[in-house]
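Protein sequence lines correspond, in order, to chains A and B. Just add 27 to wherever you are in the first sequence, counting from 1, and you've got my numbering. Just add 1 to wherever you are in the second sequence, counting from 1, and you've got my numbering. Quick reminder that beta carbons are idealized off the backbone N, C-alpha and C, glycines included. In this text the structure is predicted, and so the values were computed from the model without any measurement. Below you'll find the structure, written out as structure tokens, and then a few comments.
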Amino acid sequence: MKNRIKRSMAFLLCAVLLTVSLTACGKSGSGSFSGNGVKILMILHADDDGFLNTLADAIVAKAKEVGATIDIVYSQNSTETQMEQIAGAASGGYDAIICRLCDTSTALQMENAAGDLPVVFINNEPESDYLKGDQFVYVGSYEQDAGAFQAEYIWSGLGKPSTLNVIILMGEKLHAAAPKRTNAVKYYFLDNKVNVNYVFVDNGDWSDSVAYDKLNVFKITGQPFDCIFCNNDTMAMGAIKWMKDNGYDTHKLLVAGIDATNEGCAAVKDGDLYMTVLQDTTGQGNAAVESAVALAKGGSVASVSGVSEDHKYIWVPFVPVTPQNVDQYN
Amino acid sequence: MEKVNGKRHAKIKNKLLLFLVPAVVATILILVLISGYLSSRSMTQMATSALNSSISNQADNIEAWLNYNLQNFSTVKQLVEKDKPSDSELSAIMDAYYGFNPYCKNGPYVATKAGKVFKASESTKNTDNVTEQEWFKQGMTRVNMVYGSTYKDVDGTNVISASGIINDGSGELKIMAADLSLDQISIIVNSKVKMDQAASFLVDITDKTILAHRDKNRVSTKLDTSDSDNLMSAIAKKVNERNYSTVTLANNVVAFKPISGTDWILISYVHNSTIMKDVTKLVTTLAVIGVIAIVLIVLLINLMVTKVIAPLGGITKNITDMSAGDFTIDVRHEGNDEIGLMSDKVSEFVYSMRNMLSVINDESKKLKEQSDNSDTVSKSMYEASQSQSEAMKNLNSTVDQLAVAVNEIAQSATTLAMVVADTRDNSNQANESMKETVEISKKGRNDMEQLADAMQYIKSSNDDLVTSINEVGKASEEITNIVGLISEIAEQTNLLSLNASIEAARAGESGKGFAVVATEIGKLAQNSASSADSIAKLINDVGKAIDSVVAQAQTSAKNIDTNSELIQTAVQTFDRIYQNIEKSNELIELMIKDVEKVDDVASNVAAISEEQAASTDEILETSRRMVEQANSITKNSQDVADNSHELANTSEMLTSYVQKFKI
């Protein structure tokens with residue numbers, strides 16, 4: 028009997044030691060940010076997205092810093108092309124993929140194409156159902172925060188009135204970020220019990236001209252407005268242009284953008300754009316590369332800061348950009 | 002099984018079962034619990050994902066349906082924006098779409114800021130105060146047609162309108178709208194739930210209005226945190242928080258799904274019991290299977306154990322029999338396991354015990370016989386030693402008597418010696434007297450010679466002579482007396498020697514020497530007696546002679562002269578007397594010598610008797626010791642007898658013990 032107990036204890040001890048050592052190994056694996064020898068393929072939906080190009084530059088810089096090899100390919104807005112590129116990554120000797128989806132609804136298809144390779148999605152967020160902890164992850168900013176920042180700053184800028192006439196220019200209808208940013212604005216006012224009259228809410232398709240055209244249509248309705256929330260800076264530029272063309276004072280009727288693009292920041296400096304929200308490209312780039320390297324090594328994204336509990340998301344915080352701090356991000 | 006000291010005999014089987022059954026029960030219990038827990042978890046997960054899948058499906062359906070219709074309306078709007086129809090043409094288009102979409106019977110309709118309305122002629126749409134209508138106001142806020150909030154139509158049905166500005170570049174505000182009955186959405190919400198026992202409802206989060214609900218009464222009411230239904234209030238709270246993760250609220254798993262393109266949120270819930278029903282069923286099944294498994298395993302263990310330890314029962318019985326002394330048992334040995342080995346060894350043991358016991362039995366029998374023999378021997382020895390002891394005692398008393406006798410001899414011898422000494426003294430005196438007699442005889446002869454010489458004197462001297470001869474007569478009488486005394490002494494010595502001879506004969510070997518001496522003494526005494534007799538006779542003769550001498554002297558005196566010759570003859574006679582006296586003297590000296598010898602012998606006898614007395618004491622001591630030894634031999638032989646008796650008993654006991662074993 029005694030012997031048996033001894034044996035069981037020994038066995039248990041061995042098991043514990045083994046587990047501990049394995050855990051330790053796992054930790055040391057993911058704890059290192061050295062990307063030496065890791066080959067990453069970055070697939071972007073197009074090369075004409077200003078924000079995305081900035082993000083891509085940050086990713087390349089970070090990859091170089093950690094010693095990982097990175098190649099960039101563009102899908103020319105074609106899901107088909109994108110899938111082929113993803114499918115070719117494994118045979119191309121890549122260890123991980125960083126991907127900006129053309130269409131978030133194709134996420135599962137792309138994941139299947141990737142096979143065993145881990146994929147770090149950036150910029151365009153797939154639905155949570157299609158992400159998988161420590162394999163298919165999304166690095167981005169918590170879109171809701173951007174909208175909330177906008178609402179908070181504009182409302183304060185207008186002197187926290189109890190009623191507001193609001194125009195919202197949304198991004199592309201199918202872009203995941205658009206409704207999140209929009210809803211965040213709405214929710215902010217709802218939560219603060221501001222009686223908001225949404226005089227115009229339409230898709231500006233991230234484009235200044237589309238935004239301009241839509242505002243022209245709005246002009247027909249003859250409704251007043253106090254502020255224009257734009258899902259991105261580009262549309263804000265269109266809105267500012269429209270306001271100026273139609274004789275509105277951009278210092279009284281406030282415009283808010285997102286992304287803190289160069290144009291956006293310039294507009295903030297000029298005072299035409301009341302504020303914008305920085306999607307921290309450096310932060311996102313770092314997080315994307317760290318995640319890709321960790322997953323390429325078969326590890327976990329647990330050590331990447333901003334990781335969600337389910338290891339599906341790595342959230343990089345937004346930063347509100349106002350005339351006070353715009354110089355830091357220009 | 003025999004009960005020893007009332008101690009209960011626990012069966013190995015029971016012990017094994019006691020160990021195994023709890024272990025098996027615990028294992029199966031743990032298995033059931035773990036699988037119950039795991040399956041409940043995975044079933045909860047499955048249920049959650051089923052709920053999520055169901056709600057996604059419903060939401061997709063709703064979205065698809067909404068999008069389809071929106072697309073439909075947008076197409077009309079696109080047409081209008083592109084064709085820029087005149088008012089009549091616009092009315093015609095509206096008419097054309099009347100009844101085209103079953104969910105939108107009235108078809109699309111258009112209103113201008115000025116209040117002009119274009120709708121199908123059969124349309125029942127209320128278009129009074131058109132610019133004040135919700136759909137018009139909402140439509141003003143977008144170019145792309147988007148669904149607005151719900152409201153009740155004239156006929157009381159809940160509808161939503163999709164509306165948007167017609168962007169035809171005319172500069173005039175024209176809103177196109179189309180109504181959708183929520184009935185279809187209600188159907189999707191209430192009937193397209195893809196999970197058993199799950200339910201869904203649709204809420205417009207802008208004003209928390211319930212758009213669709215299984216419970217008709219709930220439709221169009223507000224979702225309120227103060228709802229009496231715990232679930233609804235919890236959901237309301239959750240919706241207010243805009244936390245749309247799947248959670249468990251009021252014992253329900255609740256999933257939320259915002260419908261894109263609207264401000265709606267679809268909420269699906271399923272009661273935990275529904276989920277747990279399967280889990281409970283599973284656990285119950287597992288428990289039943291577990292119980293059956295336990296029963297089967299216990300039976301199996303029982304069977305196996307019984308099978309495995311069955312030979313043990315036989316061995317146990319064998320050992321029990323053995324302990325009861327029965328070695329006639331036949332140990333069956335089967336199997337090659339430890340138990341088989343055990344029965345082999347028990348069998349060997351029984352065999353060797355059987356042999357050993359029979360040997361012991363034989364030996365103990367022999368021992369018994371031997372001890373019986375030795376008992377008998379020791380008894381007879383006891384008896385022998387007793388009789389020896391008896392004999393020794395007799396010997397002892399005999400030796401005692403002998404000692405007494407020897408002492409008596411010694412005393413007698415001493416007395417004899419003294420008597421002999423007296424005799425010797427008397428004999429010496431006789432000798433002296435005889436010497437004197439010789440002297441006197443010599444003198445007489447001389448006197449006779451002188452007589453002869455002086456015959457002349459004879460006459461005078463004749464009287465002297467007669468007187469002297471009378472004196473001689475007197476001396477002879479005294480001698481006769483002395484010889485009588487000697488004769489008496491000799492007689493007595495003879496008696497003593499006879500006595501000594503008898504005692505010597507009684508003393509056996511040790512008295513032999515003494516017997517010789519006694520005989521010699523006897524002989525000497527007889528000689529002394531006969532000598533004394535002879536002396537007496539001689540003395541008698543002497544007396545007679547004296548008497549005749551006297552007579553002759555008297556005659557002679559008268560015939561002195563004549564009797565000179567006679568005197569001569571007398572002198573000669575004197576010579577002869579002298580010679581005889583001398584001879585007597587010699588005899589007396591011889592007798593004295595013999596008496597001295599007797600004295601020596603008597604002294605020797607006394608010494609020897611004393612030595613013998615001492616020897617007799619030694620003999621007595623020795624015989625006493627012999628008696629003691631004989632006694633101790635008796636005692637020892639008694640002990641031996643006892644021991645051999647005991648040995649006989651022991652061997653008998655041993656035999657009886659050994660005979661207890663059946664072999």
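Using only CA atoms, which one of the options lies nearest to residue i?
{"i": "B:Ala406", "options": "B:Ala508, B:Ser477, B:Asn482, B:Gln389", "result": "B:Ala508"}
{"i": "A:Asn150", "options": "A:Thr96, A:Ala90, A:Ile194, A:Ala73", "result": "A:Ala73"}
{"i": "B:Thr399", "options": "B:Lys217, B:Val190, B:Leu304, B:Glu622", "result": "B:Glu622"}
{"i": "B:Val551", "options": "B:Glu472, B:Tyr579, B:Glu612", "result": "B:Glu472"}
{"i": "B:Val190", "options": "B:Ile290, B:Ser344, B:Asn168, B:Arg215", "result": "B:Arg215"}
{"i": "B:Thr45", "options": "B:Thr281, B:Ile295, B:Lys636", "result": "B:Thr281"}
{"i": "A:Ser234", "options": "A:Asn259, A:Lys246, A:Phe245", "result": "A:Asn259"}
{"i": "B:Leu301", "options": "B:Val284, B:Asp180, B:Ile211, B:Leu17", "result": "B:Leu17"}
{"i": "B:His272", "options": "B:Met196, B:Asn586, B:Asn159", "result": "B:Met196"}
{"i": "B:Asn68", "options": "B:Asp279, B:Ala422, B:Ala163", "result": "B:Ala163"}
{"i": "B:Arg333", "options": "B:Asn356, B:Met343, B:Phe74, B:Gly514", "result": "B:Met343"}
{"i": "B:Tyr383", "options": "B:Ile634, B:Glu647, B:Leu52", "result": "B:Ile634"}
Within 8 Å of any Cβ in chain A, is that where the Cβ of residue i sits?
{"i": "B:Met141", "result": "yes"}
{"i": "B:Ser261", "result": "yes"}
{"i": "B:Leu21", "result": "no"}
{"i": "B:Asn168", "result": "yes"}
{"i": "B:Asn145", "result": "yes"}
{"i": "B:Arg42", "result": "no"}
{"i": "B:Arg243", "result": "yes"}
{"i": "B:Phe137", "result": "no"}
Return the Cβ separation of residue i and residue j in integer angstroms, given the expectation that the two are a contact with Cβ distance under 8 Å.
{"i": "B:Ile540", "j": "B:Thr494", "result": "That pair is no contact at about 21 Å."}
{"i": "A:Thr190", "j": "A:Asn222", "result": "4 Å"}
{"i": "B:Asp169", "j": "B:Glu82", "result": "5 Å"}
{"i": "B:Asp264", "j": "B:Ile206", "result": "5 Å"}
{"i": "A:Ile67", "j": "A:Asp122", "result": "7 Å"}
{"i": "A:Glu152", "j": "A:Ala204", "result": "7 Å"}
{"i": "A:Lys324", "j": "A:Lys159", "result": "The Cβ separation is near 17 Å, so there is no contact."}
{"i": "B:Gly108", "j": "B:Ala179", "result": "7 Å"}
{"i": "B:Ala533", "j": "B:Ser488", "result": "4 Å"}
{"i": "A:Gly291", "j": "A:Gly284", "result": "5 Å"}
Distance cutoff 8 Å, beta carbons only. Does residue i sit that close to anything in chain B?
{"i": "A:Ile247", "result": "yes"}
{"i": "A:Asp161", "result": "no"}
{"i": "A:Gln250", "result": "yes"}
{"i": "A:Tyr356", "result": "no"}
{"i": "A:Gly53", "result": "Legend: pLDDT at A:Gly53 = 38, less than 50; position of this residue unreliable, value from coordinates given subsequently. Answer no: the Cβ-Cβ gap between A:Gly53 and chain B never drops below 8 Å."}
{"i": "A:Tyr214", "result": "yes"}
{"i": "A:Pro206", "result": "yes"}
{"i": "A:Asn273", "result": "no"}
{"i": "A:Asn139", "result": "no"}
{"i": "A:Gly142", "result": "no"}
Find the residues of chain B that neighbour residue i, judging by a C-beta separation of less than 7 Å, and give them in chain order.
{"i": "A:Phe227", "result": "Thr142, Arg143"}
{"i": "A:Lys241", "result": "Val144"}
{"i": "A:Val244", "result": "Val144, Ile166, Asn168"}
In chain A, which residues lie less than 7 Å from residue i when you measure between Cβ atoms?
{"i": "B:Lys172", "result": "Strictly speaking, residue 172 of chain B in this sequence is Gly, with Lys absent from that position. Ile247, listed in chain order."}
Return yes when the C-beta of residue i is under 7 Å from any heavy atom of the ligand MN, and no when it is not.
{"i": "B:Lys538", "result": "Looking at this structure, you won't find the ligand MN or any other ligand, since it has none at all."}
Counting only Cβ pairs nearer than 8 Å, list the residues of chain B close to residue i.
{"i": "A:Asn230", "result": "Asn145"}
Contact criterion: CB-CB distance below 8 Å. Does residue i meet it with respect to chain E?
{"i": "B:Ala60", "result": "In summary, chain E is missing from the structure at hand, where the protein chains are A and B."}
Write down every uninterrupted run of the alpha helix (DSSP H) in the stretch 146 to 204 of chain B whose length is 4 residues or greater and which is fully enclosed by it, in chain order.
184 to 192
Could you name each continuous beta strand (DSSP E) segment of 3 residues or more that falls completely within the stretch 84 to 136 of chain A, going from the start of the chain to the end?
96 to 101, 123 to 126
Can you list the beta strand (DSSP E) stretches of 3 or more residues lying completely in the stretch 286 to 339 of chain A, in chain order?
303 to 306
At which residue ranges does the stretch 65 to 114 of chain B contain complete alpha helix (DSSP H) runs of 4 or more residues, listed in the order of the chain?
88 to 97
Any chance you could list the alpha helix (DSSP H) runs of at least 4 consecutive residues sitting entirely within the stretch 165 to 253 of chain A, in chain order?
170 to 184, 204 to 218, 235 to 248
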